[in-house]
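Colleague: The structure's right below; bear with me while I get my questions together.
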Amino acid sequence: MNEIEITNGALSVKTATRGNSIELGEEVEGYYASADTTKKLTIHSSDEVPLFFGIEGKLFGAAKIGFDEIQTKSLLASLRASLVAYGLNVKDIKATIGPCLTFSHCPVERKVIEKLLSDGYQAAAKRTDGVDFLDLPVFVLLELRRLGVEMENIKIGDYDTFENPDLLYSKLRGEKEENPSTASLS
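Residue numbers for the sequence shown follow the working numbering, beginning at 535 and rising by one.
This is how it looks when you write it as structure tokens:
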């Protein structure tokens, strides 16, 4: 397998597998949104969440979401600001999440889980064998749902970066390489 593909309507995301390459677009670090829906966007990540979103012909964007972005909940504020700036309806957004780490590989301190629980993010807070975990893709999903993105408009990739060493790089395994994901909206 040379690439992993996630499609959601007109939104298409390809992630190169280990040792392979894909066509790259404009590099995104952090958050990016634009009315230019014709370009390709690329996120290089290993265990962080690559999120791509768009409304065909109106808005195209991406965000690389790690633990810091989750603690500040910056995704929700940034995406809401983009929708307001462009006068768009959140119900029209299509989004893809992943590939990234899943819950069993993101241990966090108890106070982080307690904060998530008090903020209403129970689905992203896990406890297994006395260890607290954060489910990164579920947290991003919950953020999108809180904003008003329809569940049927959100696709989560089914590849965990740590669990698939033959396909994807992972910082958790000590690897420095990152997985390029490129999205287009057409």
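We treat Cβ as the ideally placed atom computed from N, Cα and C, and that holds for glycine.
Would you list the one or two residues that DSSP bridges to Ala550?
Modeller: Here residue 550 is taken as the residue at index 16 of the sequence shown, counted from 1. Ala550 is bridged to Glu537.
Colleague: Helix, strand or coil, according to DSSP, for Asp626 in the structure here?
Modeller: As a first step, residue 626 is located in the sequence shown; it is residue number 92 there, counting from the start. In the structure shown, Asp626 sits in a helix (DSSP, three-state: H, G or I).
Colleague: Please determine, among Ser546, Ala544 and Thr551, the residue with the shortest C-alpha to C-alpha distance to Asn536.
Modeller: Along the sequence shown, read from residue 1 onward, the residue named residue 536 stands at position 2. The residue with the shortest Cα to Cα distance from Asn536 is Thr551.
Colleague: Would you call the stretch 555-568 and the stretch 591-601 in contact, with 3 or more CB pairs under 8 Å?
Modeller: yes
Colleague: For the pair the stretch 540-554 and the stretch 638-652, tell me if three or more CB-CB distances fall below 8 Å.
Modeller: no
Colleague: Excluding sequence positions up to five away, which residues of its chain have a Cβ less than 7 Å from the Cβ of Ile589?
Modeller: In the sequence shown, residue 589 corresponds to position 55, counting from 1. Cβ within range, chain order: Leu622, Asp626 and Ile627.
Colleague: Whole angstroms is fine: what's the gap from Leu702's alpha carbon to Glu711's?
Modeller: In the sequence shown, the residue the question calls residue 702 occupies position 168. In the sequence shown, the residue the question calls residue 711 occupies position 177. When rounded, the distance between both Cα atoms is 9 Å.
Colleague: When the Cβ atoms of the stretch 641-658 are set against those of the stretch 569-584, are three or more pairs found closer than 8 Å?
Modeller: no
Colleague: Is Val562 closer than 8 Å to Thr576 when the C-beta atoms are compared?
Modeller: Taking the first residue of the sequence shown as 1, we reach residue 576 at position 42. Taking the first residue of the sequence shown as 1, we reach residue 562 at position 28. The answer is yes: Cβ separation under 8 Å.
Colleague: Should Asp669 be labelled buried (16 or more other beta-carbon atoms within 10 Å of its own) or exposed?
Modeller: As a working mapping, residue 669 is identified with position 135 in the sequence shown. Asp669 should be labelled buried.
Colleague: Please report the residue range of the alpha helix (DSSP H) in which Val583 lies.
Modeller: Position 49 of the sequence shown holds residue 583. No alpha helix (DSSP H) contains Val583, which is instead part of the beta strand (DSSP E) from Val583 to Ile589.
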